[in-house]
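**Q**
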Amino acid sequence: MNSMHYLYAAYIATWLIHGSYLTILVRKYARVRREMERLRK
Amino acid sequence: MRRGFTLLALATALLLSFALYEALIAAPTEQTMGDVQRIFYYHVPSAWTAFVLFLINFVSSIVYLIRRNPKADILALVSAEVGVVFCTVVIVTGPIWARPVWGIWWAPGDIRLTTTLVLWLIYISYLILRRMSTGGRTPVIAAVVAIFGALDVPLVYFSIWFFRTQHPSPVIGGGGSLDPRMAHVLLINWAAFLCLAWLLSWVRYELEVAKRRVDEAQAMESLQESSR
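For the record, the sequence lines run as chains U and R. Note that the numbering used here has the first sequence beginning at 9, numbered continuously upward. Note that the numbering used here has the second sequence beginning at -5, numbered continuously upward.
#1: Using three-state DSSP, classify G130 (chain R) as helix, strand or coil.
#2: Is there a C-beta anywhere in chain U that falls below 8 Å from the one on I68 (chain R)?
#3: Kindly list, in the order they appear in chain U, the residues whose Cβ is closer than 7 Å to that of G28 (chain R).
#4: If I measure Cβ to Cβ from I33 (chain R) and keep anything under 8 Å in the same chain, skipping five residues before and after, which residues do I get?
#5: Which residues, taken in chain order from the stretch 34 to 49 of chain R, show a beta carbon closer than 8 Å to some beta carbon of chain U?
#6: Does DSSP classify G77 (chain R) as helix, strand or coil?
#7: Along the stretch 107 to 139 of chain R, where does the CB come closer than 8 Å to a CB of chain A? Name the residues.
#8: Compute the Euclidean distance between the alpha carbons of N183 (chain R) and Y35 (chain R), then round it to the nearest angstrom.
#9: Between the alpha carbons of Y117 (chain R) and G143 (chain R), how many angstroms are there, rounded?
#10: What's the call for V112 (chain R), buried or exposed, on a 16-neighbour Cβ count within 10 Å?
#11: How close, in whole Å, do the beta carbons of L47 (chain R) and A140 (chain R) come, if the pair is a contact with beta carbons under 8 Å?
#12: Taking just the CA atoms, how far does F80 (chain R) sit from F12 (chain R)?
#13: Check distances from the C-beta atoms of the stretch 92 to 105 of chain R to those of chain U and list, in chain order, the residues that come in under 7 Å.
#14: Taking K36 (chain U) as part of the alpha helix (DSSP H), name the residues at either end of that continuous run.
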């Protein structure tokens, strides 16, 4: 494999890790908000 | 509050884009390793950011043990979780860099690699403890685990100062030398990752506060239902 492929792989992996974490946070936040609205009713 | 968050998000996005440009295009190409050395601009700042977050976790845990302040407990949890995310980046990008340079993905027994893996496992265990244990003493036990876990941070950092390892010597301090243009790009990337860590921690902190409010409201709801 070309050394540039390793470079791209490392950068893509970094952004995949951060993106996945952000997605998990957004989903959890949506769930908590839904629960908050249910409790308000 | 919301305005401050939006400003931070915008500043982080701009800084990350600029840091990416600096790392991939503006930084000089290293003579021995070539372009693959540019992994350095993500690998090292991610490690430093994880260390800062684990330090915050350590201080917050001590504050919680002394004052029993719930905000300190939330900050400890948040910094550990975001720290694990950055440490995961280090654990993943390290082998991707090692393969073309060393010819192997991992050097078993290497003190820097082993202590970093142990550090990651310690904080993963800390997060599992926080998630699985539901007793009222959980924050206290977690704070004690965090204080012991933090002892591994200086071991990871100074391991390459005092031991001969496969891992390169420190590039800043410890007798290492780095091209000033590379050091400049490294610091820009670290600033960008610190902003990202701050942003993620902010979101996670607000989420934890909201989650605890919901848990309290649910407990009250259950009490009211059982008393009917």
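Beta carbons: idealized from backbone N, C-alpha and C, even for Gly. Please read all numbers here as calculations on a predicted model, not as lab measurements.
**A** In terms of the structure at hand:
#1: coil
#2: no
#3: S11
#4: T87, I90 and W91
#5: Y36, H37 and S40
#6: helix
#7: The structure shown contains no chain A; the protein chains it does contain are U and R.
#8: 6 Å
#9: 7 Å
#10: exposed
#11: Actually they are not in contact, since the Cβ atoms of L47 (chain R) and A140 (chain R) sit about 11 Å apart, beyond 8 Å.
#12: 20 Å
#13: R93 and P94
#14: S11 to R48
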